[in-house]
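Shown next, in structure tokens, is the structure this report addresses.
Here you go:
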């Protein structure tokens, strides 16, 4: 049988992969994708807890799934704004490498 | 869901998630991320969260990743050339990541409830889209409207950011 802990560990490992991507990669688009991985890892553990916490009517706790719905919506808006910022940065600097962007004003 | 299928999809998700970080070509990274999200959607469905699984495929694997690929191809990013690696920062990142994994394993193995299998669900004629919709338009009506404002503001922000005469 698959236990709650298996889902939590898979979610934690996925979060760590995203975290390592943010720490190790210097390409700003890859960093952004790693951020998405971390958001999704949090979603996975939320849905696992939703399925685990069965209410009195024998159904999963749907509050967590509504929360995941909100996270996905905000993440989609965040991706749109973030990619627009990356495009503006690329127009100004012709680079997506974070070490080339080390001054606040240019 | 049988344990074999769970581990197949979990491994698919983790391997392609790692490929996102390892690949040097941004297009390959984005395509690996699509596969990783599809594996995650399968895990959502294994948890009887069919609505969230469908949303995951539609919004993430569909819309968001098309946006990523569109931007990568718009900027015409090639495989990045190898730069001098900052060994101190890289080792620090790997060490912190491994410490995080070790801590997660420790906490989960210490957590008594996590050792229990999932209890079976009651048979229900009402599907989960119905239940989530009731909550969304009932209890969570105000957050739902605020989310609408957030998306509206994001749209305006993107238009302002992508105007030519920004500076």
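Protein chains in written order, with the numbering used here: chain A, 1 to 106; chain B, 1001 to 1167. Even glycine gets a Cβ: it sits at the ideal position worked out from N, Cα and C.
Rounded to whole angstroms, the gap between the alpha carbons of residue 1067 of chain B and residue 80 of chain A is 8 Å. Annotation for residue 1036 of chain B: 1013, 1016, 1017, 1020 place their beta carbon closer than 7 Å to its own, counting only its chain and skipping 5 residues before and after. In the three-state scheme derived from DSSP, where H, G and I count as helix and E and B as strand, residue 1131 of chain B is classed as helix. Residue contact with chain B for residue 104 of chain A: absent (no Cβ-Cβ distance below 8 Å to any residue of chain B). Taking 8 Å as the cut-off, the Cβ atoms of residue 1134 of chain B and residue 60 of chain A do not count as close. Rounded to whole angstroms, the gap between the alpha carbons of residue 1162 of chain B and residue 1152 of chain B is 16 Å. If you look at residue 1094 of chain B, you'll find it in the alpha helix (DSSP H) that goes 1087-1110. Comparing alpha-carbon positions, the option among A:47, A:30, A:18 lying closest to residue 66 of chain A turns out to be A:47. Residue 25 of chain A has a beta carbon lying within less than 8 Å of a beta carbon in chain B. DSSP places residue 57 of chain A outside both helix and strand once states are collapsed to three, so it counts as coil. Around the CB of residue 1156 of chain B, fewer than 16 other CB atoms lie within 10 Å, so the residue is classed as exposed.
Within the region 1104-1118 of chain B, contact with chain A at the beta-carbon level (separation under 8 Å) is assigned to 1104, 1105, 1108, 1109, 1111, 1113, 1114, 1115, 1116, 1117, 1118. Residue nearest to residue 39 of chain A within the set A:22, A:104, A:86, A:5 is A:22 (criterion: CA-CA distance). For residue 1140 of chain B, the residues of chain A that pass the 7 Å Cβ criterion are 66, in the order they occur in the chain.
Only 1003, 1006, 1010, 1013, 1014, 1017, 1018, 1020, 1021 from the region 1003-1023 of chain B bring a Cβ to less than 7 Å from some Cβ of chain A.
Residue 55 of chain A and residue 1128 of chain B have their C-alpha atoms roughly 14 Å apart.
Proximity of residue 61 of chain A to chain B, defined by a Cβ-Cβ separation below 8 Å, is not satisfied. Under the Cβ criterion of 8 Å, residue 1054 of chain B is not counted among the residues facing chain A. The shortest C-alpha to C-alpha distance from residue 90 of chain A to any of B:1149, B:1132, B:1030, B:1074 is the one to B:1074. If you ignore the 5 residues before and after residue 42 of chain A, its C-beta comes within less than 6 Å of no other C-beta in its own chain. Per the C-alpha coordinates, the member of A:10, A:30, A:3, A:72 positioned closest to residue 1077 of chain B is A:30.
One Cα belongs to residue 64 of chain A, the other to residue 1136 of chain B, and the distance between them is close to 11 Å. Residue 1 of chain A places its beta carbon 8 Å or farther from that of residue 1030 of chain B. Chain A places no beta carbon closer than 8 Å to that of residue 1061 of chain B, leaving this residue out of the contacts. Here residue 82 of chain A is buried: its Cβ has 16 or more other Cβ atoms, across all protein chains shown, within 10 Å.
At least one beta carbon of chain B lies nearer than 8 Å to the beta carbon of residue 17 of chain A.
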